[in-house]
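Per our numbering, the sequence shown runs over residues 208 to 521. Ideal Cβ placement from N, Cα and C applies to all residues, glycine included.
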Amino acid sequence: MAGSKPRAVVSGGAGFIGSHLCEELLAREVRVLALDNYITGSAENIRHLQGNPDFELRQLDVNHGIFIGGDVRYVLHFASPASPPQYDANPIHTLKVGTVGTMNMLGLARAKGATFLLASTSEVYGDPLVHPQPEGYWGNVNPIGPRGCYDEAKRCAEAYAMAYRRTHDVDTRIIRIFNTHGPRMQVSDGRAVPNFMAQAIRGEPITVYGDGSQTRSLCYVADLVRGVLAALDRGDEFPVNLGNPEEVTVLELAKTIVKLAGSKSRIDHRKLPVDDPKQRRPDISHARELLGWQPEVSLEDGLGRTLEYFRSVL
Ligand code: UDP
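What follows is the structure, given as structure tokens:
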């Protein structure tokens with residue numbers, strides 16, 4: 208019976224990661240209320256869940272207050288623009304959803320006696336001077352640069368979660384998500400994976416920013432979502448990195464995608480964006496020990512799956 212199942216509220220539930228999370232929660236017999244204002248999410252991402260009696264979707268901006276009747280066991284805050292061009296296009300909204308939106312979601316968790324989980328980010332480490340990044344590293348963030356609206360909002364969100372735990376005893380989790388890819392990423396969100404895949408499939412030049420020597424570590428979305436649920440079940444109050452430690456340069460990533468796509472696209476170097484982190488790789492020892500979690504999908508395997516998705520939508 209639907210009423211006996213626990214219920215989760217997922218902000219950003221129609222987004223890339225949020226939609227996969229809703230799917231997995233439903234698979235675990237959790238009822239889901241997804242909230243989204245569609246700034247970057249899309250109803251298309253959760254269309255297949257709409258007939259499920261345990262799934263509900265509400266168009267709502269969490270910055271404007273959240274009023275929900277009934278019981279809630281889990282509050283998961285995933286709403287936010289998350290790619291550099293998207294938060295650059297919506298800097299004030301990005302700041303608000305990390306600060307006011309987080310406060311509202313924490314207020315909901317407090318009112319309902321629910322466990323709260325914050326989707327934080329590797330961006331809290333900024334352009335890191337410590338490599339790989341462990342959770343104990345405080346980061347190297349430029350507050351007034353183009354990434355400041357996202358990085359500082361997420362840092363503030365973490366501070367909010369800790370304050371609600373210390374002051375109101377809310378059961379909180381903080382996960383720091385590193386670069387993730389998979390089906391339902393927006394083709395036009397401007398990140399490296401969607402750009403390179405769309406360009407490779409269309410036979411257009413691959414736009415590598417700078418010389419491409421900057422590194423990233425990419426996690427397949429199914430692995431990430433497994434980690435999110437492990438953190439919800441077994442996490443503690445301290446932040447935990449979730450990402451794949453398999454590190455590549457952006458140039459290697461571009462070449463791998465061209466190869467996997469069987470494309471003839473050439474590499475076209477463009478200007479490196481301001482404050483673009485030079486290196487990024489998660490230290491996941493904490494996730495391994497605390498959650499018994501680690502990624503299972505290799506980089507090439509995951510990229511192959513994501514490429515299939517982009518082929519299906521382009
Ligand atoms: N990048 C690139 N070409 C693109 C998009 C991104 O070379 O068309 C680079 C970007 O400068 C960064 C890396 O790829 O060094 C990852 O960028 P993304 O936007 O995916 O995420 P970030 O990790 O920077 O938030």
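Check your understanding: Given that a residue counts as buried once 16 or more other Cβ atoms are within 10 Å of its Cβ, and exposed if not, what is S211?
Key -> Position 4 of the sequence shown, counted from the first residue, corresponds to residue 211. Its Cβ having fewer than 16 others within 10 Å, S211 is exposed.
Check your understanding: Which ranges would you report for the alpha helix (DSSP H) in the segment 320–403 if only whole runs of at least 4 residues count?
Key -> 355–375
**Study point:** Beta-carbon proximity check, I474 vs A461, cutoff 8 angstroms
**Key:** Locating residue 474 in the sequence shown gives position 267, counting from the first residue. Locating residue 461 in the sequence shown gives position 254, counting from the first residue. Yes.
Review point. Shortest alpha-carbon distance to S329 belongs to which of V307, L425, N259, E444?
Key: If you number the sequence shown from 1, residue 329 lands on position 122. The option with the nearest alpha carbon to S329 is L425.
Check your understanding: So is L449 buried or exposed if we call it buried at 16+ other beta carbons inside 10 Å?
Key -> Residue numbering aside, residue 449 sits at position 242 when the sequence shown is read from its first letter. Using a 10 angstroms sphere on the CB of L449, the tally of other CB atoms reaches 16 or more, which defines it as buried.
Review point. Under the rule that 16 or more other beta-carbon atoms within 10 Å means buried, what is M208, buried or exposed?
Key: Along the sequence shown, read from residue 1 onward, the residue named residue 208 stands at position 1. Summary for M208: the model assigns pLDDT 47, below 50, so the residue's position carries little reliability; its value from the coordinates is reported in the next sentence. M208 is exposed by the Cβ-count criterion.
Check your understanding: Who are D482's beta bridge partners in DSSP?
Key -> The residue you call residue 482 lines up with position 275 of the sequence shown. None; D482 has no bridge partner.
**Study point:** Length of the line joining the Cα atoms of S249 and G225
**Key:** On the sequence shown, residue 249 is found 42 positions in, with the first residue counted as 1. On the sequence shown, residue 225 is found 18 positions in, with the first residue counted as 1. Across the structure, S249 and G225 are spaced so that their CA atoms are roughly 11 angstroms apart.
Point to revise | Contact under 8 angstroms by Cβ, D396 with S472 | key: One-based indexing of the sequence shown puts residue 396 at position 189. One-based indexing of the sequence shown puts residue 472 at position 265. No. Outside cutoff.
Point to revise | Near the ligand UDP: T387 beta-carbon under 7 angstroms from a heavy atom | key: Indexing the sequence shown from 1 puts residue 387 at position 180. No.
Review point. If you draw a straight line from the C-alpha of Y416 to the C-alpha of L479, how long is it?
Key: Walking along the sequence shown from the start, residue 416 turns up at place 209. Walking along the sequence shown from the start, residue 479 turns up at place 272. C-alpha separation (whole angstroms): 5 angstroms.
Practice item. Can you tell me which of A437, N402, V377, I491 puts its alpha carbon nearest to the alpha carbon of R235? Key: Working through the sequence shown from its first residue, we reach residue 235 at position 28. It is A437 whose Cα lies nearest to the Cα of R235.
**Study point:** Inter-residue Cα distance where the pair is D418 and F403
**Key:** Start at 1 with the first residue of the sequence shown, and residue 418 comes out as number 211. Start at 1 with the first residue of the sequence shown, and residue 403 comes out as number 196. Distance from the CA of D418 to the CA of F403, rounded to the nearest whole angstrom, comes to 15 angstroms.
Point to revise | Own chain residues within Cβ distance below 7 angstroms of I522, not counting five before or after | key: Residue 522 is absent from the structure shown; the chain starts at 208 and stops at 521.
Practice item. Please find out if some non-hydrogen atom of the ligand UDP comes closer than 7 angstroms to the beta-carbon of N448. Key: Reading the sequence shown from its first residue, position 241 is the one you call residue 448. No; taking the cut-off as 7 angstroms, the Cβ of N448 has no heavy atom of the ligand UDP nearer than that.
Check your understanding: Just the Cα atoms here: how many angstroms apart are D334 and D490?
Key -> Mapped onto the sequence shown, residue 334 falls at position 127. Mapped onto the sequence shown, residue 490 falls at position 283. In a straight line, the C-alpha of D334 is about 15 angstroms away from that of D490.
Review point. When the Cα atoms are used, what is the spatial distance from Q501 to R391?
Key: Here residue 501 refers to the residue found at position 294 of the sequence shown. Here residue 391 refers to the residue found at position 184 of the sequence shown. When rounded, the distance between both Cα atoms is 22 angstroms.
Check your understanding: Would V481 be called buried (16 or more neighbouring beta carbons within 10 Å of its own) or exposed?
Key -> Taking the sequence shown and counting its residues from 1, one reaches residue 481 at position 274. Classification of V481: exposed, given that the 10 Å Cβ count is below 16.
**Study point:** Secondary structure of I524, DSSP reduced to three states
**Key:** The structure shown does not extend to residue 524, since the chain spans only 208 to 521, so no value can be given for it.
Exercise for review: Scan the segment 260–320 and note each continuous alpha helix (DSSP H) run of 4 residues or more that stays entirely inside, going in chain order.
Suggested key: 291–296, 298–319
Review point. If you count every other CB in all the chains shown that lies within 10 Å of the CB of Q257, and 16 or more means buried, which is it?
Key: By one-based count along the sequence shown, residue 257 stands at place 50. By the neighbour-count rule (16 or more Cβ atoms within 10 Å), Q257 is not buried but exposed.
**Study point:** T414 - partner residues in DSSP beta bridges
**Key:** One-based indexing of the sequence shown puts residue 414 at position 207. Answer is D475.
**Study point:** T301 Cβ short of 7 angstroms to the ligand UDP heavy atom set
**Key:** Walking along the sequence shown from the start, residue 301 turns up at place 94. No, the ligand UDP has no heavy atom inside 7 angstroms of this Cβ.
Check your understanding: Can you tell me the Cα-Cα spacing of Y188 and R433, whole angstroms?
Key -> What the structure shows of the chain is the stretch from 208 to 521, and residue 188 is not part of that stretch, so it cannot be assessed.
Check your understanding: Three-state secondary structure (DSSP) at D243?
Key -> Translated into the one-based positions of the sequence shown, residue 243 becomes position 36. Strand at D243.
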